[in-house]
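Peer 1: Going down the list, the sequences are from chains A and B. The opening residue of the first sequence carries number 1 in this note's numbering; numbering runs sequentially from there. The opening residue of the second sequence carries number 21 in this note's numbering; numbering runs sequentially from there. Quick one: the structure is below, and I'll ask about it shortly.
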Amino acid sequence: DRPPANKQQQLEWDDSTLSY
Amino acid sequence: SGYEIPARLRTLHNLVIQYAAQGRYEVAVPLCKQALEDLERTSGRGHPDVATMLNILALVYRDQNKYKEAAHLLNDALSIRESTLGRDHPAVAATLNNLAVLYGKRGKYKEAEPLCQRALEIREKVLGNDHPDVAKQLNNLALLCQNQGKYEAVERYYRRALAIYEGQLGPDNPNVARTKNNLASCYLKQGKYAEAETLYKEILTQAHVQEFGSVDDNHKPIWMHAEEREEMSKTQHREGGTPYVEYGGWYKACKVSSPTVNTTLRNLGALYRRQGKLEAAETLEECALRSR
């Protein structure tokens, strides 16, 4: 019973911090 | 907000990015620190430019996996932005989000969650409840909750994100499949295999519809082929093997279209395998291999 191939989910960085 | 990054900071930012990309942190960091010192002296510690510079340096630290140092800088940037731009400004939301990411990288999910929550509230207030950026924030929040095993919350957040993406960006938007995939992962963790299976099939059907326009007897999504092949292997004695089912070029289509579809093929394949549907599993796994 193989574990499902779940892609590693990553928290998403907000690049807009530099545009304010 | 009226605040614009001065040209010299933009230039400096680009320079720092280049050094960081080359791994030349020993150049990038002192450059940032010097600029920060100069800005603090000339503009004062609470100036928005200082916040921008703190952000730039935080990025360099983040790239070096120095999450603690990066978080320290972002906390300073946060206070400056809250006092200069107001507590409900998008820049404050962005900074809160990035702080949450840094905490998350260190496994501090419990500390990260309220920051992410506040970022969400700001975005809802500023952008409205159905804005795609709200969905993005929900996504991060869901992930933080997932790491704490708060599956009920995870489901709620992903469902909301999904509704926003579907409603605002349409069923073909890649974020829809991605979020469904994430939600399915959450179901799997709880042993809700049937719910996960439904979502995986939805993703594959949608990818099929996107490519062929419809589902009919001549144009079936790959999982229907897989299940038919499974049925055939059960009802017929296989002598010399079942002739290979042609997928109507479907796998070619999913090859370029998205890594999410590929992941979905493998995940649904694993679910089939779990149920002992080995032919069906192989069909999807083969398709995933071809499309990789």
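Idealized CB from N, CA, C, for every residue including glycine.
What three-state label does DSSP hand Val-276(B) in the structure shown?
Peer 2: Below a pLDDT of 50, predicted positions are generally treated as unreliable, and Val-276(B), at 47, falls in that range; the measurement from the model is reported next regardless. Looking at Val-276(B) - three-state DSSP - the assignment turns out to be helix.
Peer 1: So Gln-137(B) is in the alpha helix (DSSP H); what residue range does that whole segment cover?
Peer 2: Looking at the DSSP string, the run of the alpha helix (DSSP H) that includes Gln-137(B) is 129-147.
Peer 1: Indicate whether Arg-126(B) and Thr-115(B) have their beta-carbon atoms separated by less than 8 Å.
Peer 2: No.
Peer 1: Quick test of your reading: Ala-173(B) and Ala-155(B), contact by CB under 8 Å. State the CB separation rounded to the nearest angstrom.
Peer 2: Ala-173(B) to Ala-155(B), Cβ: 16 Å. No contact.
Peer 1: Please list the terminal residues of the continuous alpha helix (DSSP H) segment that includes Lys-86(B).
Peer 2: From DSSP, Lys-86(B) is part of no alpha helix (DSSP H); its letter is neither H nor E.
Peer 1: With which residues is Asp-236(B) paired in a DSSP beta bridge?
Peer 2: In DSSP, Asp-236(B) forms a bridge with His-239(B).
Peer 1: For Asn-202(B), go through chain A and note every residue whose CB falls closer than 7 Å to its CB, in chain order.
Peer 2: Under the 7 Å cutoff, chain A gives Gln-9.
Peer 1: Under a CB-based cut-off of 8 Å, is Asn-85(B) close to chain A?
Peer 2: Closer than 8 Å: no.
Peer 1: Between the C-alpha atoms of Glu-302(B) and Leu-203(B), what's the straight-line distance to the nearest angstrom?
Peer 2: Taking the straight line joining both Cα atoms gives about 24 Å.
Peer 1: Tell me which residues share the same chain as Ser-63(B) and place their Cβ nearer than 6 Å to its Cβ, disregarding the 5 neighbours each side in the sequence.
Peer 2: So the qualifying residues of the chain are Asp-69.
Peer 1: Under 8 Å, do Leu-140(B) and Gln-166(B) count as touching if we go by C-beta distance?
Peer 2: Not closer than 8 Å, so no.
Peer 1: Could you confirm whether any beta carbon from chain A is found closer than 8 Å to the beta carbon of Ile-76(B)?
Peer 2: Yes, Ile-76(B) lies at the interface with chain A (some Cβ there is under 8 Å from its Cβ).
Peer 1: So the alpha helix (DSSP H) Tyr-177(B) belongs to, where does it begin and stop?
Peer 2: First-last of the alpha helix (DSSP H) with Tyr-177(B): 171-189.
Peer 1: Rounded to whole angstroms, what's the CA-CA distance from Val-146(B) to Arg-293(B)? Just pull it up for me.
Peer 2: Cα to Cα, Val-146(B) sits roughly 46 Å from Arg-293(B).
Peer 1: Which residues of the segment 160-175 of chain B have a Cβ closer than 7 Å to any Cβ of chain A? Give them in chain order.
Peer 2: From the segment 160-175 of chain B, only Asn-160 and Leu-163 have a Cβ closer than 7 Å to chain A.
Peer 1: So that I know if they touch, is there some Cβ in chain A lying closer than 8 Å to that of Val-121(B)?
Peer 2: Closer than 8 Å to some Cβ of chain A, the Cβ of Val-121(B) qualifies, so yes.
Peer 1: Our contact map puts Thr-72(B) next to Leu-29(B) with C-beta atoms below 8 Å; I'd like the distance itself, whole angstroms only.
Peer 2: That belief holds up - the Cβ atoms of Thr-72(B) and Leu-29(B) are roughly 6 Å apart, short of 8 Å.
Peer 1: Threshold first: 4 residues or longer. Then list the alpha helix (DSSP H) segments lying entirely within the segment 201-235 of chain B, N to C.
Peer 2: The segment 201-235 of chain B contains these whole alpha helix (DSSP H) runs: 213-232.
Peer 1: Can you tell me whether Asp-192(B) is helix, strand or coil according to DSSP?
Peer 2: Residue state, collapsed to three classes: coil.
Peer 1: Is the distance from the Cβ of Ser-20(B) to the Cβ of Ala-216(B) below 8 Å?
Peer 2: The first residue shown for chain B is 21 and the last is 312, placing residue 20(B) beyond what the model contains.
Peer 1: List the endpoints of the continuous alpha helix (DSSP H) containing Pro-152(B).
Peer 2: Here the alpha helix (DSSP H) through Pro-152(B) covers 152-167.
Peer 1: Can you name the start and end residues of the alpha helix (DSSP H) that Ile-37(B) belongs to?
Peer 2: Counting along the chain, the alpha helix (DSSP H) containing Ile-37(B) begins and ends at 27-41.
Peer 1: From Gly-124(B) to Leu-135(B), what does the alpha carbon distance come to, in whole angstroms?
Peer 2: Looking at the two C-alpha atoms, the distance is approximately 11 Å.
Peer 1: Excluding five sequence neighbours on each side, which residues of the same chain lie with their C-beta closer than 6 Å to the C-beta of Ile-25(B)?
Peer 2: For Ile-25(B), where only same-chain residues beyond five positions count, the Cβ hits under 6 Å are Thr-72.
Peer 1: Let me see if you follow: with CB-CB separation under 8 Å, is Thr-8(B) close to chain A or not?
Peer 2: Shown here, chain B extends from 21 to 312; a query on residue 8(B) therefore has no answer.
Peer 1: Going by beta carbon distance, what residues of the same chain come within less than 7 Å of Glu-299(B), once the five residues before and after it are set aside?
Peer 2: Excluding residues within five positions, the ones whose Cβ falls inside 7 Å are Arg-249, Glu-250 and Ser-253.
Peer 1: Please go through the same chain and pick out, in chain order, the residues whose beta-carbon is closer than 6 Å to the beta-carbon of Leu-98(B), but skip the five residues on each side of it.
Peer 2: The answer, listed in chain order, is Thr-115.
Peer 1: I'd like to know whether the C-beta of His-33(B) is nearer than 8 Å to at least one C-beta of chain A.
Peer 2: Closer than 8 Å to some Cβ of chain A, the Cβ of His-33(B) qualifies, so yes.
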